[in-house]
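Residues 1 to 109 in the UniProt record's numbering are what the sequence shown lists, from first letter to last.
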Amino acid sequence: MLKFYGIKNCNSVKKAMDYLNSKQVEFEFLDIKKLDEETLKFWLSKRSILELVNTAGMSARKLGLNKEKLQNLNQDEIKVMILQNLTLIKRPLIVKDGEVFIAKEYESF
Numbered sequence: 001m002l003k004f005y006g007i008k009n010c011n012s013v014k015k016a017m018d019y020l021n022s023k024q025v026e027f028e029f030l031d032i033k034k035l036d037e038e039t040l041k042f043w044l045s046k047r048s049i050l051e052l053v054n055t056a057g058m059s060a061r062k063l064g065l066n067k068e069k070l071q072n073l074n075q076d077e078i079k080v081m082i083l084q085n086l087t088l089i090k091r092p093l094i095v096k097d098g099e100v101f102i103a104k105e106y107e108s109f
């Protein structure tokens, strides 16, 4: 079963959930705001930080974070920043068969 990480009131998450439901794809919804460090480490082992963080989103803008600044951070700084600002993560994020799918990549299911 897919692990579907998101925020219930996010429009992108709602669209993705509707899409998966229309395709009768079973998934477990997990609130991204309850993310733990081990899960984040796993995601970072599968995808790049630039793929994972929404630098165009409101959270990144509030932090003055852009792609260049993000690339200058080390792994520990990145983990701390994300864990303190979980809405930086692109949504939805789906884990299927040990692989991590971000944003509209769910359309391949």
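For glycine and all other residues, C-beta sits at the position ideal for the given N, C-alpha and C.
Do residue j and residue i have their beta-carbon atoms positioned less than 8 Å apart in this structure?
i          : j          : result
residue 2  : residue 28 : yes
residue 59 : residue 39 : no
residue 93 : residue 32 : yes
residue 54 : residue 89 : yes
How many whole angstroms separate the CB atoms of residue i and residue j, which I take to be in contact at a CB cut-off of 8 Å?
i           : j          : result
residue 91  : residue 7  : 6 Å
residue 83  : residue 51 : Not really, about 18 Å apart at Cβ, beyond 8 Å.
residue 109 : residue 23 : 6 Å
residue 19  : residue 99 : At roughly 18 Å, the Cβ-Cβ gap does not stay under 8 Å, so residue 19 and residue 99 are not in contact.
Express the C-alpha separation of residue j and residue i in angstroms, rounding to a whole number.
i          : j          : result
residue 96 : residue 69 : 30 Å
residue 45 : residue 75 : 11 Å
Grab the span of the alpha helix (DSSP H) containing residue i for me, first residue to last.
i          : result
residue 42 : 37-46
Per DSSP, what are the beta-bridge partners of residue i in this structure?
i          : result
residue 26 : According to DSSP, residue 26 bridges with nothing at all.
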